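Take the sequence shown: its position 557, counted from the start at 1, is 600 in my numbering, and no numbers get skipped.
We treat Cβ as the ideally placed atom computed from N, Cα and C, and that holds for glycine.
The structure displayed is predicted, hence computed values, not measured ones.
Step one of this worksheet: look at the structure below.
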Amino acid sequence: MNPQLHNKVTSRLTSDYGFKLDGKGKFLRQGRCPSCNHKELYTNAEHPWVLRCGRLNNCGAEYHIKDIYSDLFNDWSENFKSTPEDPHAAADAYMRDGRGFKLDMVKGWYTQDSFFDRDKKIGSATVRFNLADGIFWERLIDRPERFGRQKANFRGQYGGMWWAAPGAKLAQAKEIWIVEGIFDCIALMHHNITAVSALTSHNYPTQSLAALAELCKQKDIERPALVWALDGDRTGRRFTKKHVRQAEEDGWECSAALIDFGTGNKLDWNDAHQRDRMGVKDIELYRYNGDLLLAKTASEKALLMWRRNRKRSFHLAFENKLHWFELDMDKYSKALEKIRDEGTIPEESEQIEAAMKESCIVLTLADCYPTALYFQQNILTDESWYYFRIDFPHDGKSIKNTFTGAQVAGASEFKKRLLSIAPGAVFSGSTQHLDRIMQDMLYGIKTVETIDFVGYVKEHGAYIYADMAVKDGRIYELNEEDFFDLGKLSIKTLSQSTPLSINTNLEDFKQDWVQLLWKSYGAKGIVALAFWMGTLFAEQIRSKHKSFPFLEIIGDPGAGKSTLVEFLWKLMGRADYEGFDPSKSTLAARARNFSQTSNMPVVLIESERGEDKAHAKGFDWDELKTAYNGRSVRSRGVKNSGNDTYEPPFRGAIVISQNDAVNASDAVLQRIVHMHFYVASHTQQTKQAAERLERFAMDECSGFLPRATLKEKSVMDKFNEGLEEIESVLGAMPDIKNLRIIKNHAQIISLVRCLPLVLDQIEPQYIEEAETEIVDMATERQRAINADHEVVEKFWEIYDYLNGSEDESRLNHSRDKDSIAVNLNHFIQVASEKKQQIPMLEDLKRHLKTSRRRKFVAIKNVNSIIRDRHNKQLSPVEAVSKKLSETIKCWVFSKPTKGDRDD
């Protein structure tokens, strides 16, 4: 290992895992294992390529340094700059430190070159291997993740050819291993194995084999045997069988070797070389795996397995069917005794094998093959599952699904579950068969961490969705086993409630919609877009600044609110969705909606519609207060025998879209960034732009989510960089005094300034006008908090008109000069007599409690001065029939003092 790289690796290992150098200075020990959490991790101090857990029976985890610190191994040109004296510096470093090869052995086999992607406008240094004139293969070595799935580049037609090391004497070899990659070929050569690279699994090297056959014929020597050693994945195994058949037809003696036989290790030959897994016993195992692959019958495969393990019974897979091998010991003993008595077979090992063939049986237990992939668990609810893949001998696609512990513990339950998830798959084995099968399959099975939502996982700094994940500026796709392998983290989401269709091919991402958004909604559209982008970083923002604001979008019917929100959802891959109505949801349903996503908006729509006001009372806006700081909106008990409760934090952002403004307490209103859209501002031009926006294909805009999350670091740096200054500017404005309003609107301005990091087509004019709009929004929000609701304003306007002087009050029943007590039925009666247009009684009851200028105190019985005055004016005769009770139920308010604002 290069000294500079060694210092960086050792420093990080000590910091991250707590390693300590042992007394002899040869090993780093006492590191904490990420898998079992015990301090049993160790590695070679001089060559810390592989970390291993010393708990071999209980853990045995193994981590390669490239998987843990991938950033140290992905930008070779930056770390090892080429010079005229050393033009191949980066390529040499890559071959030595990235691939573990000896430079004195491989120098001259490759050159350092370059590759440039004109569409992406990015380039990389490459390690290039020539195959023939004008034909080469090269590996990209500078942050290859930038190029998407492309890690290498071919030039020319390589079909029918292989790559062999310059000067390799293939004709003189006893056998030649044919592998996929060039680096696999070189890795085998480091262990004295003659190898060539077919370059891809599907490339049968017709030309190269023919040339070798002709050379052997000319020299009158026997052809070398071929060992097909392609990758151990399903594609590699399929082409190994195909190529062996073809090669045998062409007159070659063939066998196979597999480094991984479906065990989930996913290693190639270069990985095995770097992990010291190329010893004699290792090679023997790989060739045994190859023999199993090429077995022509289930009995032949069972015989190979019996020779190796000598077990009396075991299960096996053949042509994707589950078989059972069993040796009848009584028959075996009699057959062995008979063979020995006959004396026709002299060797004892041959006698044993012959007896075994006579006394064993191979049964088919199922016309499919179930493979236990990993264990997944929800620790909070104490639920767990084993995740299986079911393969079929026919052309049907493999099925992956879960089995509970109970379902893998009994044959009848296993049979039922198998039939329910895999049509036609019948398990005919007994519980004894199943117990033995599960013992073999589940021993040391991998554990995958699960989450019950989609989006950002703060504990791991990763975005986890159903089909994609983003971490540290890199996109990860769901692997073949349906989880994300993020270095030392294996994780997946169990949530299926948020259907997202995210296009991770960023070449498809179009930005024409930015101009359409501007034409349709102007500066308010840019503000909404900035907030929407900000929701992707809500957890990070709250982590540093303790809060993230709510966005309220209101306006008359037809103002374009739904079109805007539905389009913004498209940017995140969600089609034909606006939000959910909290007034039509139960408390439990609302809590689940708030917990389904992280770093995504939760949109509340039309919660206070006039035609369903009675129902709307079921939702209180104050439920949202804790969401502002990312705390739980609801607590519930966990279904277990203890006193555990579940209080999931709120991980998303709140968006409110409705016709009327939110009517709530000051605490809620201060948390809201408010935007009002007007029908009057619409023109034919804005209508056409909005219609084009509506029709914009989701595949062309859903790349916004990965594009933004890939920029997580730069966006957060930019956001934090100017926030304090923005708050100072807003705080200096005379019309904005509330600190929470200042903080909320400053965050949105900062997000607007971050938009150009994600979108190239954000014009300076858009940012400038959006910032002006946000300042106006902050000023308006301050006024809204100071002012009463329009229903309340109307009430007090009519009250002041009808009440008269304090001495002769017509509506104020209070005897306390500092209070106002109004009976609403009396108020309506007097207002009707004076022909006043008053709000509906139901609206008055809902809004009067929010009165600010004259603060609401209580609803209570009051000794009425008005009724007292009325009763005193009655004669004794009139008093008998017209006297009123002096106690009346009133809404009581406090009168504003001189220090209170009364505007």
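The shortest C-alpha to C-alpha distance from N117 to any of G177, W92, I184, D162 is the one to I184. In the DSSP assignment, R95 falls within the unbroken beta strand (DSSP E) covering 93-96.
In the DSSP annotation of this structure, the continuous segment of the alpha helix (DSSP H) that includes T578 starts and ends at 555-578. Between P91 and K69, the alpha-carbon positions lie close to 10 Å from each other. Contact between the region 448-457 and the region 473-481 is established, with three or more Cβ pairs separated by less than 8 Å. Partner residues in the beta bridge of D185, as assigned by DSSP, are D118. Taking C-beta atoms as the reference points, L887 and F936 fail to come closer than 8 Å.
In the three-state DSSP reduction, W220 falls in the strand class (E or B).
As the crow flies, the alpha-carbon of Y60 is around 46 Å from that of F610. Here DSSP, grouped into helix, strand and coil, assigns V705 to coil. Here V497 is actually not in contact with A505; their C-beta atoms are around 12 Å apart, not less than 8 Å. With respect to the C-alpha of P691, the residue from R635, Q731, R824, R55 having the closest C-alpha is R635. Taking the Cβ atoms as the reference, R674 lies roughly 19 Å from F662, outside the contact range of under 8 Å. By the criterion of a C-beta distance shorter than 8 Å, D861 is surrounded in its chain by S937, K938, once the five residues flanking it on both sides are discounted. By the C-beta criterion, the region 536-551 is judged not to be in contact with the region 152-159, since fewer than 3 inter-stretch pairs fall below 8 Å.
With the rule of 3 Cβ pairs closer than 8 Å, the region 878-887 counts as touching the region 828-846.
By the 16-neighbour rule on beta-carbons within 10 angstroms, V923 is exposed. It is roughly 15 Å from the alpha-carbon of A134 to the alpha-carbon of N173. The continuous beta strand (DSSP E) containing Y106 extends over residues 105-107.
Per DSSP, the unbroken alpha helix (DSSP H) holding D483 starts and ends at 474-485. In the pairwise beta carbon analysis, the region 721-729 is classified as not touching the region 488-502: fewer than three pairs are separated by under 8 Å.
In this structure, L549 keeps its C-beta atom at 8 Å or more from the C-beta atom of G279. Relative to Q790, the option among E811, N444, N763 whose CA is nearest is N763.
Nearest Cα to T169 within the set K145, H131, R189: H131.
When C-alpha distances from W561 are compared across G765, S125, R735, L782, the shortest belongs to R735. Of M643, N855, H717, the smallest CA-CA separation from E582 is found for M643. Spanning the alpha carbons of S605 and R897 requires a straight line of approximately 36 Å.
C-alpha of K925 to C-alpha of R824: approximately 50 Å in a straight line. Counting of Cβ neighbours within 10 angstroms places H316 among the buried residues, the total reaching 16 or more.
Under DSSP, L346 takes part in no beta bridge, so it has no partner. For G765, the three-state secondary structure derived from DSSP is helix. DSSP lists no bridge partner for A827. A direct Cα-Cα distance of roughly 19 Å separates K377 from V405. Around the beta-carbon of K109, 16 or more other beta-carbon atoms lie within 10 Å, marking it buried. Considering only A272, R432, E218, K262, the residue with the shortest C-alpha distance to S240 is A272. In the DSSP assignment, F899 falls within the beta strand (DSSP E) that extends over 899-906.
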